[in-house]
Amino acid sequence: MKISDVQAIPLAIPPKPMTPPSPWQSRVSKQIVVRILTDEGLSGVGEAFALGAPLAVCNVIVEGLAPLLRGQDPTRIEYLVDLLHRSTMIYGRRGIGMFAISGVEIALWDLLGKARNAPLYELLGGIVSPRLPVYASLLRYDSPEDVASAARDYADRGFRSIKLHQVDVASVRAAREAVGPDVELMLDTNCPWTPAEAITMARALEPYRLFWLEEPVWPPEDYEGLAEVRRASTVRIAAGENESTLFGFRDLIARRAVDVVQPSVTKVGGISEFRKVATLATAANVELAPHSPYFGPGLAATLHLMASLGGSLPVEMFACELEAPLLTPPIVARDGWFDVPTGPGLGVEVDEAVIRRYPYPAEGERPFVLT
Ligand SMILES: [Mg+2]
């Protein structure tokens, strides 16, 4: 079997209208599906991270990676991934280059699973946890009242862990009052503060018993600053979604900057790299919770990884619904749990009708304007 082509498919599937509304809704409307085709008719799908400049990521796949892959045996994953890493060394160690490699790598694993007629978790060592606990990852809201309303809604739906994306104490207080003492709350701030500001905020948040405080320090790679915050407060620190490769995570963990490490399968380098990070975290007694605000093959890949790794921390589920599900069958949490897909490879397919219906950019639309 030989790779005949590699496709990168940019999509714009918007989320359904939400109550209360979130200013972040437009941020979740881009997706990148990667497809690897073979001369035997078998194909595999993956997903690359799409927030920011999705067409640039697609271009890395089509211009930078596809020529290296065409004609190759797709079952030699470790060999091919090493080739991609070395060939993109000057521009691809993190960011959009590694998003592209991640999407291709996931598609290679899906293809291998289909070729062997085995679910991905079987290829990764077999199942440890067929059902995985889920946390609802709320979008950002404009007021503490809206945060409380959304948190209460997801608690009522059976979620025992809920993450907020706010940057103020009042929203955390409102959410804690809304869900009571028995629901775990996390706070993801997306890198807003200096270490000194983050220490002040972490101490102010201590009464609300956060399960973790995520990415409190700007910039994300300031691990010395993050370690200072971790030492100065009792709040557990989580980070890692903006880090790539085993070596990037080695630095994050070696500085004792986190209690919980958060690799993202569509950014870190894919499935193999995620597993290497998991091993590193285990050896350092750091917990792992995947970053996975995805609706496509990236979410399926995360579930296979966590099913094969075990562990007790919940999997991230973005708390909104797309206008049309990208996967068939769709992956849906029930009562705060995900069931791991059991079919060959990722165990899911992308819906071809949805791909045709939601191209990015839409026909006749220019994605950007040069002036
Ligand atoms: Mg985050």
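When you line the sequence shown up against our numbering, it's residues 1169 to 1539, in that order.
C-beta: ideal position from N, C-alpha, C; glycine also.
C-beta contact flag for residue i and residue j at 8 Å
i, j, result
"Thr1402", "Glu1441", "no"
"Ala1252", "Leu1236", "The sequence shown places Leu at residue 1252, not Ala. In contact: Leu1252 and Leu1236 (Cβ atoms closer than 8 Å)."
"Gly1263", "Thr1256", "no"
"Ala1176", "Val1202", "yes"
"Val1429", "Val1397", "no"
"Phe1327", "Ala1304", "yes"
"Asp1314", "Pro1188", "yes"
"Ala1370", "Pro1360", "no"
"Leu1456", "Leu1288", "no"
"Ala1469", "Ile1274", "yes"
"Val1508", "Pro1301", "no"
"Phe1379", "Glu1352", "yes"
"Glu1489", "Lys1184", "yes"
"Ala1487", "Leu1276", "no"
"His1472", "Leu1292", "yes"
"Ile1171", "Gly1271", "no"
"Met1169", "Ala1286", "no"
"Val1347", "Ala1372", "no"
"Ser1476", "Val1296", "yes"
"Leu1448", "Ile1421", "yes"
"Ile1200", "Pro1182", "no"
"Arg1423", "Ala1395", "yes"
"Pro1191", "Asp1310", "yes"
heavy atom of ligand 1 below 7 Å from residue i C-beta
i, result
"Asp1427", "no"
"Glu1352", "no"
"Glu1455", "no"
"Asp1356", "yes"
"Glu1389", "no"
"Glu1382", "yes"
"Glu1409", "yes"
"His1459", "yes"
Assigned secondary structure, residue i (DSSP; H/G/I helix, E/B strand, else coil)
i, result
"Phe1217", "coil"
"Ile1181", "coil"
"Phe1415", "helix"
"Met1354", "strand"
"Val1347", "helix"
"Gly1212", "strand"
"Tyr1391", "helix"
"His1253", "helix"
"Leu1306", "coil"
"Pro1235", "helix"
"Thr1450", "helix"
"Ile1499", "coil"
"Ser1339", "helix"
"Leu1456", "strand"
"Val1385", "strand"
"Ala1400", "helix"
"Ala1425", "coil"
"Val1516", "coil"
"Arg1534", "coil"
"Arg1443", "helix"
Where the alpha helix (DSSP H) containing residue i begins and where it ends
i, result
"Glu1520", "1520–1525"
"Trp1132", "The requested residue 1132 is not part of the displayed model; the chain covers only 1169 to 1539."
"Tyr1322", "1312–1324"
"Arg1368", "The question names Arg, yet the displayed sequence has Thr at residue 1368. Per DSSP, Thr1368 belongs to the alpha helix (DSSP H) from 1363–1373."
"Ala1224", "1222–1227"
"Tyr1289", "1288–1291"
N-terminal and C-terminal residue of the beta strand (DSSP E) that residue i is part of
i, result
"Met1485", "1483–1486"
"Thr1470", "Taken as a continuous stretch (DSSP letters only), Thr1470 belongs to no beta strand (DSSP E), being part of the alpha helix (DSSP H) at 1465–1477."
"Lys1435", "Premise fails: Lys1435 is in no beta strand (DSSP E) and is neither H nor E."
"Glu1130", "Here the chain covers residues 1169 to 1539 and nothing more, so residue 1130 does not appear."
"Leu1205", "1199–1206"
"Leu1332", "1329–1332"
"Ile1258", "Ile1258 -> no beta strand (DSSP E), and no H or E assigned at all."
"Trp1192", "Looking at the DSSP string, Trp1192 is not in any beta strand (DSSP E), and its letter there is neither H nor E."
"Trp1505", "1505–1507"
"Ala1406", "1405–1407"
Quiz item: Would you call the region 1483–1494 and the region 1454–1474 touching, i.e. three or more CB-CB distances under 8 Å?
Solution: yes
Self-check item: Contact between the region 1267–1281 and the region 1417–1434 (3+ Cβ pairs under 8 Å)
Solution: yes
Self-check item: Validate contact between the region 1224–1243 and the region 1340–1357 using beta carbons, cut 8 Å, 3 pairs
Solution: no
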